[in-house]
Amino acid sequence: MSDLPAIEELAKTVSMLSADAVQRANSGHPGLPMGAAGYASLLWAQFLRFNPQEPRWLNRDRFVLSAGHGSALLYSLLHLFGYELSLEELQSFRQWGSSTPGHPEFGVTAGVECTTGPLGQGVANGVGLALSGKLLAAEYGSALFDYRVYGIVSDGDLMEGIASEACSLAGHLGLGNLIYLYDDNKISLAGSTDVCFTESVQQRMESYGWHVQSVDAQDLAGVKRAIENAIEETAKPSIIAVRSIIGYGSPNKANTYGVHGSPLGDAELSLTKKGFEWPSSPAFYVPKEVSNFCKEVISRGVAEHSRWSTKYAEWRDSHPSLAGRLDAQVERRLPEALRDELLGGLGHTKDEATRSLSGKAIQIMAKHLSQFIGGSADLEPSTKTLIKDTTEIQKGEFAGRNIRFGVREHAMGAVVNGLAYERLWYPFGSTFLVFSDYLRPAIRIAALSHLQSLFIFTHDSFWVGEDGPTHEPIEQLQSLRLIPNLYTFRPADGLEVGACYWAALESRDQPSALIFTRQDLPALVRSESFSAEEVLRGGYVLESDPAPQFVIIATGSEVALAVDAAKILRKSGIQLQIVSMPCVELFLEQPISERNAVVPPKLPVVTIEAGRTLGWERFTGRDGLAIGIDHYGASAPGEVLAEKFGFTPELVVEKITTWLNTLRK
Ligand SMILES: Cc1ncc(C[n+]2csc(CCOP(=O)(O)OP(=O)(O)O)c2C)c(N)n1
Numbered sequence: 002m003s004d005l006p007a008i009e010e011l012a013k014t015v016s017m018l019s020a021d022a023v024q025r026a027n028s029g030h031p032g033l034p035m036g037a038a039g040y041a042s043l044l045w046a047q048f049l050r051f052n053p054q055e056p057r058w059l060n061r062d063r064f065v066l067s068a069g070h071g072s073a074l075l076y077s078l079l080h081l082f083g084y085e086l087s088l089e090e091l092q093s094f095r096q097w098g099s100s101t102p103g104h105p106e107f108g109v110t111a112g113v114e115c116t117t118g119p120l121g122q123g124v125a126n127g128v129g130l131a132l133s134g135k136l137l138a139a140e141y142g143s144a145l146f147d148y149r150v151y152g153i154v155s156d157g158d159l160m161e162g163i164a165s166e167a168c169s170l171a172g173h174l175g176l177g178n179l180i181y182l183y184d185d186n187k188i189s190l191a192g193s194t195d196v197c198f199t200e201s202v203q204q205r206m207e208s209y210g211w212h213v214q215s216v217d218a219q220d221l222a223g224v225k226r227a228i229e230n231a232i233e234e235t236a237k238p239s240i241i242a243v244r245s246i247i248g249y250g251s252p253n254k255a256n257t258y259g260v261h262g263s264p265l266g267d268a269e270l271s272l273t274k275k276g277f278e279w280p281s282s283p284a285f286y287v288p289k290e291v292s293n294f295c296k297e298v299i300s301r302g303v304a305e306h307s308r309w310s311t312k313y314a315e316w317r318d319s320h321p322s323l324a325g326r327l328d329a330q331v332e333r334r335l336p337e338a339l340r341d342e343l344l345g346g347l348g349h350t351k352d353e354a355t356r357s358l359s360g361k362a363i364q365i366m367a368k369h370l371s372q373f374i375g376g377s378a379d380l381e382p383s384t385k386t387l388i389k390d391t392t393e394i395q396k397g398e399f400a401g402r403n404i405r406f407g408v409r410e411h412a413m414g415a416v417v418n419g420l421a422y423e424r425l426w427y428p429f430g431s432t433f434l435v436f437s438d439y440l441r442p443a444i445r446i447a448a449l450s451h452l453q454s455l456f457i458f459t460h461d462s463f464w465v466g467e468d469g470p471t472h473e474p475i476e477q478l479q480s481l482r483l484i485p486n487l488y489t490f491r492p493a494d495g496l497e498v499g500a501c502y503w504a505a506l507e508s509r510d511q512p513s514a515l516i517f518t519r520q521d522l523p524a525l526v527r528s529e530s531f532s533a534e535e536v537l538r539g540g541y542v543l544e545s546d547p548a549p550q551f552v553i554i555a556t557g558s559e560v561a562l563a564v565d566a567a568k569i570l571r572k573s574g575i576q577l578q579i580v581s582m583p584c585v586e587l588f589l590e591q592p593i594s595e596r597n598a599v600v601p602p603k604l605p606v607v608t609i610e611a612g613r614t615l616g617w618e619r620f621t622g623r624d625g626l627a628i629g630i631d632h633y634g635a636s637a638p639g640e641v642l643a644e645k646f647g648f649t650p651e652l653v654v655e656k657i658t659t660w661l662n663t664l665r666k
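Structure follows, in structure tokens:
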């Protein structure tokens, strides 16, 4: 217990650095950092295993501040514990170009494990990080990988549905390496939690299969015991409800929502410092004893890392083949043989749904990459995502690669992201395209944080048929294309499916949405000179007549439709060029000369896609024609809907002919 007085001093420093940072920025959230400073300092000083000089040390403990609005807390800790985050950076909190953005961002600040701020995401990311620890231990041994994931989660986090999904899953899987400290301050942004959040979080978490404790934030010895108990419990994830006071130490604002998201103000900050017996100036004061104490903690972490490195080196010598596998995993090497197999067409000869071709691609990727891992939200028989030559992950069984996410799409997205933050896996989640909206916030974070998450969506249009409009995506395709830094792939046949997966595997800093049909499609016929490389450019010429009058751009199932329509059009002497565009984003990245060679700027453009037309005007301009569907679908067999919605070759020809006539006028 001898460290506790030092931790009390550290806590005051963390609290006042956070309040100063928010005050200087005149923006931010002092309340949570001040309330959590004590137990967070204790956690970092006595439990968290880290080496600030090696922030990505493989066996470090992971710390997730799910309540990302409390970023000043994390930045203060990172600064004090020797990470690459100077006092000047703290003083530039929330300013342009600083490494202390308003909410923690992965890749911007060393030591930030996950981008947090959208409440609930971090809760689910932590589950992915903890799962990663279990997978690594199962593969390489728990002597090498025994890290824990700690997190601070807030009222807001636990109010979000995603937290329930994620905690339910973590309890089911018995992730004993996951420990959350629940900042139970009973205040949220707009008032007391009395007005909207009165459940027993403890009972809820207990029913999810968590180990639950409650403790007072001011009782650091009690918090310490609770963390020790949580560590002891290895069969269940743990949550410690820490009853804290928001804005702790502020004489007039503590325990009010006024301190949640506004600076204390000079006068109140001054009073707070007085109460803490803290010098009122200079701001950003760090007592010498506190920095010395932090140095001791850091040197313990460095020593621990070095002991681990010795163990690791011995392990490498005695397990050369496993070590080689781990190296390949860390370096994210993609075998050439995988490329050849994926670009080889996936054996698409007779009509086949792209979801089934995707299923073949998944087996190939899993065969070559032991890091290929994922599952679906209770839909693998439909999304064809079950990996055949492996087992499923269950409590105590982490050697497999199939994850049963259950009907929990949002958590699935964020757990996939949790795995992707590790940069050791090719993680995927899958569901029907229409439900991509259920995990959209996680897709956005993946894109924003440059994660290589793979989102596999099947049943990609009204061709779903009888299930009706609730299950027929309309706006989802274009709305995914709206997300910056996300590749949206909608391949048309086996060759494109394989090539799109390869492109997604090669895109290390972008997530991908891979979109497949439920209905069968023919294998496209291509010219002798065609090379699969062309697909990797996002769009390519599939067919071209000697003197084309216009270009048809189509994606996915509508490419074959365009080919059939072209056959009819040619009978009337109309010449055209068909472009298949499985990935609009990749195509738009190509140099202008290459784009012009595929879609000549002088030719008018028709686009065909079974989804919203909004967005295709990038290609059709003012004179072109966008064939799509701008209303909800209906419940009927797919063929009937194709007829009703204008997606038969004859109806497409009719639309194009009418359009050509208006163009000539
Ligand atoms: C998904 C989401 N919705 C809303 C917000 C805006 N917001 C930020 S913090 C917060 C609630 C704060 O309550 P709590 O989590 O208890 O944090 P504390 O007040 O204790 O700092 C809200 C609604 C958000 N960041 N994310």
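Just so it is clear: in the sequence shown, position 166 is 167 by this note's numbering, and no numbers are missing.
Just so it is clear, CB atoms sit at the ideal spot from N, CA and C, and this is done for glycine as well.
Quick check on the burial criterion: 16 or more other C-beta atoms within 10 angstroms. Buried or exposed for K603?
Its Cβ having fewer than 16 others within 10 Å, K603 is exposed.
Just to confirm my understanding: we take G401, look at its own chain, exclude 5 residues before and 5 after, and list those with CB closer than 6 Å. What are they?
These residues qualify, in order along the chain: T391, T392, E393, I394.
Is V654 buried or exposed, if buried means 16 or more other CB atoms sit within 10 Å of its CB?
Buried, because 16 or more other Cβ atoms sit within 10 Å of the Cβ of V654.
If you reduce the DSSP assignment to three classes, tell me which class T489 lands in.
Strand at T489.
In three-state DSSP terms, what is P470?
Helix, per DSSP.
Looking at the structure shown, is R244 part of a helix, part of a strand, or coil, going by DSSP?
Three-state result, R244: strand.
Let me know if T658 comes out buried or exposed under the rule of 16 or more other beta-carbons within 10 Å of its beta-carbon.
Exposed, since its Cβ has fewer than 16 Cβ neighbours within 10 Å.
For the region 244–330, which segments carrying the beta strand (DSSP E) assignment without a break, of at least 3 residues, lie completely within its bounds, in sequence order?
Correct list: empty.
Out of L434, L335, R509, which one is the CA nearest neighbour of S383?
For the residues L434, L335, R509, the minimum Cα distance to S383 belongs to L434.
Taking the C-alpha atoms as reference points, what is the distance between L358 and D158?
So the two alpha carbons sit approximately 39 Å from each other.
Return yes when the C-beta of G118 is under 8 Å from any heavy atom of ligand 1, and no when it is not.
It does: the Cβ of G118 is within 8 Å (strictly closer) of some heavy atom of ligand 1.
Helix, strand or coil for V526? Go by DSSP, reduced to three states.
Of the three classes helix, strand and coil, the one that applies to V526 here is coil, per DSSP.
Our contact map puts L11 next to F294 with C-beta atoms below 8 Å; I'd like the distance itself, whole angstroms only.
With 8 Å as the limit, L11 and F294 qualify as a contact, their Cβ atoms being about 6 Å apart.
Per DSSP, P428 is paired with what?
Answer is I374, bridged to P428.
Among residues of its own chain, excluding the 5 on either side of P336, which ones have a beta-carbon nearer than 7 Å to its beta-carbon?
H369, listed in sequence order.
Can you check DSSP and say which residues form a bridge with A514?
DSSP, once it has assigned bridges, lists F456, T489 as partnering A514.
Could you say which of V416, S322, P53, T350 lies nearest to G129 if we only look at CA atoms?
Residue V416 is the option with its Cα nearest to G129.
First and last residue of the beta strand (DSSP E) that includes A627?
It spans 626–628 - the beta strand (DSSP E) in which A627 sits, taken as one unbroken run.
Could you give the DSSP three-state label for S19: helix, strand or coil?
Of the three classes helix, strand and coil, the one that applies to S19 here is helix, per DSSP.
Three-state secondary structure (DSSP) at N418?
In this structure, N418 counts as helix in the three-state DSSP scheme.
For the alpha helix (DSSP H) containing T663, name the first residue and the last one.
Residues 650–665.
Say the cut is 8 Å; is the CB of H30 nearer than that to a heavy atom of ligand 1?
It does: the Cβ of H30 is within 8 Å (strictly closer) of some heavy atom of ligand 1.
Whole angstroms is fine: what's the gap from S143's alpha carbon to G134's?
Roughly 9 Å separates the two Cα atoms.
Quick one: any contact between the region 308–321 and the region 466–481, if contact means 3 or more CB pairs under 8 Å?
Cβ pair count under 8 Å is below three, so no.
Here's the rule: buried if 16 or more other CB atoms are within 10 angstroms of the residue's CB, otherwise exposed. What is N675?
Nothing can be reported for residue 675, as the shown portion of the chain is limited to 2 through 666.
Could you tell me the boundaries of the alpha helix (DSSP H) in which L344 lies?
Here L344 belongs to no alpha helix (DSSP H), and DSSP marks it neither H nor E.
At a cut-off of 8 Å, would you count D158 as near ligand 1, judging by its Cβ distance to the nearest heavy atom?
The answer is yes for D158.
What do you reckon, are the CB atoms on Q47 and I8 nearer than 9 Å?
Taking 9 Å as the Cβ cut-off, Q47 and I8 qualify as a contacting pair.
DSSP puts S545 in a beta bridge; with which residues?
Answer by DSSP bridge pairing, in chain order: Q578.
Does any heavy atom of ligand 1 sit closer than 8 Å to the C-beta of E1?
Residue 1 lies beyond the stretch modelled for the chain, which goes from 2 to 666, so this question has no answer here.
Helix, strand or coil for G557? Go by DSSP, reduced to three states.
Coil.
Is DSSP giving T194 helix, strand or coil here?
Residue state, collapsed to three classes: helix.
Reducing DSSP to helix, strand and coil, say where A637 ends up.
Of the three classes helix, strand and coil, the one that applies to A637 here is coil, per DSSP.
With the cut-off set at 9 Å, would you say A421 and S371 are in Cβ contact?
Not closer than 9 Å, so no.
So, helix, strand or coil for T608, using DSSP?
Three-state result, T608: strand.
Report buried or exposed for Y633, applying the criterion of at least 16 other Cβ atoms within 10 angstroms of its Cβ.
By the 10 Å Cβ count, Y633 comes out exposed.
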